[in-house]
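Residue 174 is where the sequence shown starts when you use this note's numbering, and the numbers rise one by one after that.
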Amino acid sequence: AVISSLIGAAAALREKNIKRIIAYSTISQIGFILLGLALVGKIGLLAGLLYFVIHAVAKTGLFLGAGIVEQRCKESNLDKLGGLAKAMPVTAAGFLFCSLSIMGFPPFGGFYAKLMVILATVKEGHFWIAGLAIFTAILTMLYLFRLFNGIFLGQREISFSSKGRGSMVACVLFLGIVSLAIGLFIGQLLGLPNIAVAQIFR
């Protein structure tokens, strides 16, 4: 599981197509989910379930955000994009929030999910796997910073359509806010996956 995470992260670092970067990221993050589930114990299973939910929310936001960019700019090459934050501030904000969650920045939900997986791995005595997971998390930060920077920061040299689907933009922002809210209310929310884990281990 951790090897697939590493391979996916490395591929995302080299890729230039924005949707493919997010797709490779999904491969990498699924490795984290499987790592948690593979630990079998209650903590690992709880971490895997929590990671699955948080990743699904944030990654949906990223795919929607990338779709909006492609729709309005008719371009998906990261090298040809840039400077769209001023033209698309709401999309940029939602995309940033979702990215920060997947990177594992506190207080976003992804931070707690990633931390739980790593701590569960350490608790089971798999220190080298935990080390690889941490290294993969660092690569995740690098390729998502690169993705956000390439799309939204710098100078804008590409033309874009002012017409966009407001519902899609609103969804990206909503999913970004949910990613933050999960982290802020993690204590209350942890009770939900805990119930599922308790049922499995009865």
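Glycine included, C-beta positions come from ideal geometry on N, C-alpha and C.
For residue 315, count neighbouring C-beta atoms within 10 Å of its own C-beta (all shown protein chains included) and say buried if the count is 16 or more, exposed if not.
For the purposes of this step, residue 315 is identified with residue 142 of the sequence shown, where counting begins at 1. Label assigned to residue 315: exposed.
Smallest Cα separation from residue 238: which of 282, 338, 332?
The residue labelled residue 238 in the question sits at position 65 within the sequence shown. Closest by alpha carbon: 338.
Touching or not, the stretch 298-315 and the stretch 237-252, by the rule of three or more beta carbon pairs under 8 angstroms?
no
Going by the CB atoms, is the gap between residue 303 and residue 287 shorter than 8 angstroms?
What you label residue 287 is simply residue 114 of the sequence shown in a count that begins at 1. What you label residue 303 is simply residue 130 of the sequence shown in a count that begins at 1. No, Cβ-Cβ distance for residue 287 and residue 303 is not below 8 angstroms.
Using alpha carbons as the reference points, say which of 261, 193, 221, 249 lies closest to residue 294.
Here residue 294 corresponds to residue number 121 of the sequence shown, with the count starting at 1. Of 261, 193, 221, 249, the residue nearest in Cα terms is 221.
Could you spell out the range, first to last residue, of the alpha helix (DSSP H) harbouring residue 170?
Nothing about residue 170 can be read from this structure; the chain reaches only from 174 to 375.
Would you list the residues sitting across from residue 190 in a DSSP beta bridge?
Looking up residue 190 in the sequence shown gives position 17. Partner(s): 250.
Assigned secondary structure, residue 296 (DSSP; H/G/I helix, E/B strand, else coil):
What you label residue 296 is simply residue 123 of the sequence shown in a count that begins at 1. Helix at residue 296.
In chain order, what residues of the same chain have a beta carbon less than 7 angstroms from the beta carbon of residue 263, not counting five sequence neighbours either side?
Within the sequence shown, residue 263 is the residue found at index 90, counting from 1. So the list reads 342, 346, once near-sequence residues are dropped.
Could you pull out every residue in the same chain whose Cβ sits closer than 8 angstroms to the Cβ of residue 356, ignoring the five residues on either side in sequence?
Within the sequence shown, numbered from 1, the residue matching residue 356 stands at position 183. Around residue 356: 274, 279, 280, 281, 282, 283, 284, 285.
4-residue-minimum alpha helix (DSSP H) runs that sit fully inside the stretch 223-282, ordered along the chain
262-276
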